[in-house]
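Residue numbers (UniProt numbering): 1 to 71.
Even for Gly, the Cβ is constructed at its ideal location relative to N, Cα and C.
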């Protein structure tokens, strides 16, 4: 995974295949939790950005992914 100088566009390389990637901001902060015993949750981090990888060039006219995330 590497990014261009703008810090938003780049590519993910797997073997001989290269896939375009883009760093996008999420519209809201997503909290990440982990469990060690299947009952108690421990907060691990806040997530504010995601990397979108596709097979064709991703043209990001805005820096925010307005659709958000769904489980």
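Check, Outcome
"Rounded to whole angstroms, what's the CA-CA distance from residue 16 to residue 2? Just pull it up for me.", "15 angstroms"
"Under the three-state reduction of DSSP, which class applies to residue 54: helix, strand or coil?", "coil"
"Quick test of the definition: if touching needs 3 or more C-beta pairs under 8 angstroms, does the segment 32 to 43 touch the segment 2 to 11?", "no"
"Specify the secondary structure class of residue 16 as computed by DSSP and reduced to three states.", "coil"
"According to DSSP, which residues form a beta bridge with residue 1?", "According to DSSP, residue 1 bridges with nothing at all."
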